[in-house]
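Protein chains: 2
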Amino acid sequence: MKQQNSQTEEKILEAAEKIFLRDGYGDARMQDIADLAGINKALLHYYFRSKDNLFEYIFEKKISVMFPKMEELFGQNLSFYETICAFIEKYVSILADNPYMPFFVMSTINRADRKDFIKKLPVSLNQKLIELYMKDLSEKKVREVNPIQLIISIISMCAFPFMARPVIKEITKIDEEQFKMLMNFRVAEIQQYIKYILIPNS
Amino acid sequence: MKQQNSQTEEKILEAAEKIFLRDGYGDARMQDIADLAGINKALLHYYFRSKDNLFEYIFEKKISVMFPKMEELFGQNLSFYETICAFIEKYVSILADNPYMPFFVMSTINRADRKDFIKKLPVSLNQKLIELYMKDLSEKKVREVNPIQLIISIISMCAFPFMARPVIKEITKIDEEQFKMLMNFRVAEIQQYIKYILIPNS
DNA sequence: GTCTATACTTCGATAGAC
DNA sequence: GTCTATCGAAGTATAGAC
């Protein structure tokens with residue numbers, strides 16, 4: 001029955017996503033995915049030929065969610081600083097809903113035999129963003145910094161804490177709920193940093 | 001011969017470190033370690049009973065290198081800002097010599113069955129550092145920010161780029177040599193950020 | 001201490017019945 | 001489409017000779 005088909009497929013995808021994100025490719029077990037989906041291993045292979053195949057499917061699906069379309073931010077011509085602020089808010093909010101993503105992406109990319117997955121990342125050096133910086137710089141609206149280093153810093157500050165989440169929770173003795181709050185407060189904190197860094201006499 | 005003993009053990013440790021750091025526990029192969037050490041698998045088990053055992057040994061050895069003794073920085077009473085600057089320089093320099101460490105630590109910690117490894121990390125909330133901030137704040141030498149968030153941000157900016165190294169290299173089209181330079185320049189860049197963030201009217 | 005050969009285990013994948 | 005049973009590859013660990 002077609003109805004059954006897609007229902008099972010849906011269950012598999014849901015389970016696969018959860019397991020792969022939590023464990024990464026190497027540590028993920030087809031058995032665990034089958035168990036979580038409430039089916040058996042054979043059926044997994046019936047729907048998705050191999051583990052590799054299933055993984056690739058999940059990776060591509062999640063990766064497109066992970067990197068917000070920057071285009072939307074360029075709509076109502078904001079300043080460089082305002083664009084960055086909007087990005088930070090959006091990015092942290094996405095990560096809060098997908099806390100395993102940063103580690104998932106990094107563990108995939110760092111695997112020797114998965115180097116080609118880098119090419120699947122919908123990231124680029126966003127020329128538009130750098131042009132926006134240059135424009136604001138020429139008008140003295142922002143200080144002179146290296147825009148590449150700044151962008152790396154912003155992504156670092158947003159994404160890294162999610163990877164270090166177990167460590168942060170341990171040493172600050174907070175639970176999952178409080179960690180979420182910490183990341184919530186963090187948005188304004190990072191925006192404030194960027195203001196101090198970019199805006200003269202702020 | 002005792003001479004032979006320690007020589008072989010030394011070769012094993014050297015090889016194990018390289019493989020474990022590059023691949024993480026799950027993807028590392030005892031065969032690869034044996035090959036790199038120029039011996040066979042059986043001998044690995046003769047020296048270190050199991051893969052788990054060998055891994056734990058390497059982890060504990062490297063982790064102590066990874067986290068610089070902050071104590072040394074408190075020696076000649078620097079200001080909070082100066083202490084942070086010294087830390088950044090030292091930390092990035094260590095990471096540049098051990099570029100796989102951030103990912104190695106994170107992948108170990110994130111493994112479901114290795115959660116207890118968190119307790120092996122020689123990190124703590126360094127009360128001394130926060131006290132130093134409070135002192136400088138009371139003297140209006142620094143702006144008011146959340147010191148915990150700031151520390152998280154600094155570690156993020158230093159460590160994350162090493163995890164994202166393959167991605168950064170890919171999208172900026174630079175090679176290993178140039179990446180090292182990028183991280184070298186980065187020290188001053190981050191220190192500058194911290195100055196803008198912390199020091200009023202800077 | 002070191003090696004070869006092999007046992008044991010885990011896990012992805014497939015065959016075949018229903 | 002779904003299940004049970006089983007294969008085969010890969011990888012850790014050990015036995016036993018030298």
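Protein chains in written order, with this note's numbering: chain A, 1 to 202; chain B, 1 to 202.
All residues carry an ideal CB built from backbone N, CA and C; glycine is no exception.
On the CB-based measure, 16 or more other CB atoms within 10 Å of its CB, does residue i come out buried or exposed?
i       : result
L125(A) : exposed
N110(A) : buried
R29(B)  : exposed
F179(B) : buried
R49(B)  : exposed
M1(A)   : Low per-residue confidence applies at M1(A): pLDDT is 41, beneath 50, and the placement is therefore not dependable enough to give any value.
V65(A)  : exposed
E189(B) : buried
F185(B) : exposed
S6(A)   : exposed
S138(B) : exposed
D116(A) : exposed
Q76(A)  : exposed
D136(B) : buried
I197(B) : buried
D27(A)  : buried
D23(A)  : buried
Y133(B) : buried
L193(B) : Checking the sequence shown, residue 193(B) turns out to be Tyr, not Leu. Answer is buried; the Cβ neighbour count reaches 16.
For a quick check, are the C-beta atoms of residue i and residue j less than 8 Å apart?
i       : j       : result
K195(A) : Y81(A)  : yes
F55(B)  : Y100(B) : no
E17(A)  : I58(A)  : yes
I171(A) : V123(B) : yes
A96(A)  : M183(A) : yes
M157(B) : M163(A) : no
V187(B) : E89(B)  : yes
A15(B)  : L36(B)  : yes
F104(B) : L13(B)  : no
M181(A) : L129(A) : no
I203(B) : I154(B) : In the structure as shown, chain B starts at 1 and stops at 202, and residue 203(B) therefore has no counterpart that could be examined.
V142(B) : I199(B) : yes
I168(B) : P161(B) : yes
I39(B)  : T8(B)   : yes
Q118(A) : P166(B) : One point to set straight first is that residue 118(A) is Ile, not Gln, in the sequence displayed. In contact: I118(A) and P166(B) (Cβ atoms closer than 8 Å).
E60(B)  : K120(B) : yes
Indicate the three-state DSSP secondary structure (helix, strand or coil) for residue i in the structure shown.
i       : result
S153(B) : helix
S93(B)  : helix
R165(B) : helix
F103(A) : helix
E139(A) : coil
A34(A)  : helix
E14(B)  : helix
S79(A)  : coil
I19(A)  : helix
D27(B)  : helix
D113(B) : helix
S64(A)  : helix
K69(B)  : coil
M1(A)   : Caution is warranted here: a pLDDT of 41 is assigned to M1(A), below 50, making its placement in the model unreliable, and no coordinate value can be reported.
N53(B)  : helix
E144(A) : coil
N173(A) : Sequence inspection shows Lys at residue 173(A); the Asn mentioned does not correspond to that position. Of the three classes helix, strand and coil, the one that applies to K173(A) here is coil, per DSSP.
I84(A)  : helix
N201(B) : coil
S6(B)   : helix
F48(B)  : coil
Q192(A) : helix
V123(A) : coil
N184(A) : helix
Anything in chain B within Cβ reach of residue i, meaning under 7 Å, just list it in chain order.
i       : result
S156(A) : S156, M157, F160, P161
Give the interface partners of residue i over in chain A, defined as CB-CB distance under 8 Å, in chain order.
i      : result
E71(B) : Neighbours of E71(B) on chain A: none; closest Cβ ~17 Å, over 8 Å.
List, in chain order, every chain B residue whose beta-carbon is nearer than 8 Å to that of residue i.
i       : result
M106(A) : F103, M106, M163, A164
Identify the contact partners of residue i in chain A, using a Cβ-Cβ distance below 7 Å as the criterion.
i       : result
I109(B) : P166, V167
So which residues on chain A does residue i lean against when the C-beta distance must stay under 9 Å?
i       : result
A112(B) : R22, D23, D27
Kindly list, in the order they appear in chain B, the residues whose Cβ is closer than 9 Å to that of residue i.
i       : result
I152(A) : M157, F160, P161, A164, I168, L182, R186
I197(A) : Q192, Y193, Y196, I197
E189(A) : V145, N146, Q149, L150, S153
*asked:* Taking beta-carbon pairs under 9 Å, can you tell me which members of the region 116-150 of chain B lie near chain A?
replied: I118, K119, L121, V123, S124, L125, R143, V145, N146, I148, Q149, L150
Using Cβ-Cβ distances below 8 Å, what residues of the region 160-180 of chain A are close to chain B?
F160, P161, M163, A164, P166, V167, I168, E170, I171, T172
Proximal residues, the region 24-39 of chain A versus chain B, C-beta separation under 8 Å: Within the region 24-39 of chain A, those residues whose Cβ lies closer than 8 Å to any Cβ of chain B are, in chain order, G24, G26, D27.
Would you list, in chain order, the members of the region 5-20 of chain A that have their beta-carbon closer than 8 Å to a beta-carbon of chain B?
none
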